[in-house]
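Taking it in order: structure first as structure tokens, then the write-up.
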Amino acid sequence: MLSGHCDLDENNCLLDFSSTFETIFNRSSKPQIRGGFSIDNMALLTIYHALDPILRKKAKPVKNIDGELADLTQDMIETMYDAPGVGLAANQIGLPASFFVIDLGIEKEKRDPRVIINPTMVLSGEMEDGEEGCLSIPDVFAHVKRYSLVELKGYDLNQNEIRIEADGFLSRAIQHEMEHLNGSLFWDNLGVAKRDILKRKFKKKLRDK
Ligand SMILES: [Zn+2]
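My numbering applies: residue 607 is where the sequence shown begins, and numbers increase by one.
Take a look at the structure:
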């Protein structure tokens, strides 16, 4: 039986890889395949929109890193590129669990998709302003201030610890995905007036669909 440590809070916790996928993701919250398959025959998953309550749930730690999670995250990567986007958190496909996929090659315009499980981050540097969008809030963009530097730690699908230091747009993207796992959205960083304008715009877009 495999086990490992994670720094999810002040106290280290022992990861229990022996529990099954279903103990974290009950059947009713399994991701939905939205009918389409990509050219690689990967399933494209439904991306939940910003007003769905699932986007407000705090992610629970992943206890079981197994083949089912590997398959699911492969579908998430496919869904992310199809959208197209550079990151996709588990809440966005209907699972309040602590993992996301991200393209680490976004600044080099070379694909480098990664799966980050049970992540933690440390922020530093200056506050930088930059434009952001979100796959759960299509066609809505706003300027958000973020820390310029991030140190991200977590696990990969092989249960190896990973550590990534990032700046620039990648740092912004990581902070955006971490926010999803915390049940927040990028427009929560804005003032009430600005956020309400964007929400109204988004609700109208949903109505007009
Ligand atoms: Zn997002």
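Glycine included, every Cβ here is placed at the ideal spot set by N, Cα and C.
Please state the DSSP three-state secondary structure of residue i.
i: Val798; result: helix
i: Ile699; result: helix
i: Lys810; result: helix
i: Asp735; result: strand
i: Ile683; result: helix
i: Leu657; result: coil
i: Leu804; result: helix
i: Ile671; result: coil
i: Ser777; result: helix
i: Arg633; result: For Arg633, the predicted structure reports a pLDDT of 37, less than 50, and the residue's modelled location is therefore unreliable. A value from the coordinates is still provided. It is helical.
i: Gly789; result: coil
i: Lys815; result: coil
Using DSSP's beta-bridge definition, name the partner residues of residue i.
i: Met727; result: Leu758
i: Pro719; result: Asp709
i: Val750; result: Gly736
i: Ile768; result: Gly760
i: Gly693; result: Ile708
i: Leu650; result: Answer is none; Leu650 lacks a bridge partner.
i: Lys666; result: Ala703
i: Ile743; result: Cys740
Expressed to the nearest angstrom, what Euclidean distance is found between the alpha-carbon atoms of residue i and residue j?
i: Lys759; j: Ile780; result: 11 Å
i: Cys740; j: Asp709; result: 14 Å
i: Glu734; j: Pro690; result: 24 Å
i: Phe775; j: Phe792; result: 14 Å
i: Asp745; j: Leu694; result: 16 Å
i: Leu675; j: Leu763; result: 8 Å
i: Ser777; j: Pro725; result: 14 Å
i: Val668; j: Ile768; result: 15 Å
i: Gln698; j: Tyr654; result: 5 Å
i: Ser730; j: Ser754; result: 7 Å
i: Met686; j: Ala799; result: 30 Å
i: Ser790; j: Val756; result: 18 Å
i: Val707; j: His782; result: 12 Å
i: Ile818; j: Asp814; result: Residue 818 is absent from the structure shown; the chain starts at 607 and stops at 815.
i: Phe747; j: Ile803; result: 12 Å
My understanding is that residue i touches residue j, with C-beta atoms under 8 Å, so please give their C-beta distance in whole angstroms.
i: Ile683; j: Pro659; result: That pair is no contact at about 25 Å.
i: Ser742; j: Leu812; result: Contact flag wrong, Cβ pair sits at about 12 Å.
i: Ile723; j: Ile671; result: 6 Å
Is residue i close to ligand 3? I mean its beta-carbon at under 7 Å from any heavy atom of the ligand.
i: Ala656; result: Inclusion of ligand 3 in the displayed structure is not the case, the ligand content consisting of ligand 1 alone.
| task | Give me every residue whose Cβ sits closer than 6 Å to any heavy atom of ligand 1, in chain order. | result | Cys740, Leu741, Ser742, His782, His786
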